[in-house]
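Below: one structure, written as structure tokens.
Residue numbers (this note's numbering): 1 to 185.
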């Protein structure tokens with residue numbers, strides 16, 4: 001029998017952002033779309049799950065030998081609120097390429113996200129392009145605050161699985177911490 005509290009927990013879980021299922025304080029989700037031939041584009045959604053303070057700058061790396069011809073394609077918004085830059089992978093310097101975005105406003109606050117950051121590129125690898133390393137940068141000191149790997153945009157099935165996991169976790173915590181009920185006798 002489904003209790004009202006379990007149904008409520010499940011319903012609320014479905015409304016929670018997918019970033020709650022992510023492991024770290026920052027999640028960068030990507031959607032890779034083929035444009036024809038070897039041309040692709042990534043569209044990124046950057047989520048500040050629990051980083052203390054806003055995300056003011058981030059860098060996403062494009063591995064040497066895997067990517068070429070990086071080009072900015074970000075629509076406005078969010079382009080108008082961010083200073084974006086791409087650097088091509090360079091075989092002479094043996095350097096990966098990168099996409100960097102620096103806020104011109106207040107950044108992405110804790111619990112917030114910004115989507116639409118777009119980079120078009122030529123894919124030199126096999127199969128489909130996938131996850132990339134990223135860094136959250138302090139724009140004053142240029143120190144790396146957090147680093148991780150981009151995640152594919154969650155599918156509807158993935159969101160449902162996340163919601164069910166959260167509902168199950170909620171139920172277990174309730175069972176573990178619920179005070180004992182008096183015995184009837």
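Note that the Cβ used here is the ideal one computed from N, Cα and C, for glycine as well.
With a 10 Å radius around its C-beta and 16 neighbouring C-beta atoms as the bar for buried, classify residue i as buried or exposed.
i           : result
residue 45  : buried
residue 60  : buried
residue 157 : For residue 157, the predicted structure reports a pLDDT of 47, less than 50, and the residue's modelled location is therefore unreliable. The matter cannot be settled from this model.
residue 129 : buried
residue 186 : No answer is possible for residue 186: the residues shown for the chain start at 1 and end at 185.
residue 92  : exposed
residue 144 : exposed
residue 110 : exposed
residue 56  : buried
residue 37  : exposed
residue 114 : buried
residue 89  : buried
residue 107 : buried
residue 134 : buried
residue 125 : exposed
Could you give the first and the last residue of the continuous beta strand (DSSP E) run that contains residue i?
i           : result
residue 86  : 82-87
residue 144 : 144-149
residue 101 : 97-103
residue 153 : Counting along the chain, residue 153 falls outside any beta strand (DSSP E), and DSSP gives it neither H nor E.
residue 137 : 133-137
Per the DSSP calculation, residue i is bridged to which residue(s)?
i           : result
residue 124 : According to DSSP, residue 124 bridges with nothing at all.
residue 113 : 47
residue 118 : 43
residue 108 : 55
Please check the pair residue i and residue j, which I expect to be a contact at CB under 8 Å, by giving their CB distance rounded to whole angstroms.
i           : j           : result
residue 103 : residue 28  : So it is not a contact: roughly 15 Å between Cβ atoms.
residue 117 : residue 78  : 7 Å
residue 119 : residue 47  : Contact doesn't hold; Cβ gap of about 18 Å is too wide.
residue 86  : residue 51  : Rounded, the Cβ-Cβ distance is 24 Å, inconsistent with contact.
residue 84  : residue 101 : 5 Å
residue 62  : residue 98  : 6 Å
Taking only runs of the beta strand (DSSP E) that begin and end inside the region 20-89, which ones reach a length of at least 3 residues, in chain order?
26-36, 39-48, 57-62, 67-72, 82-87
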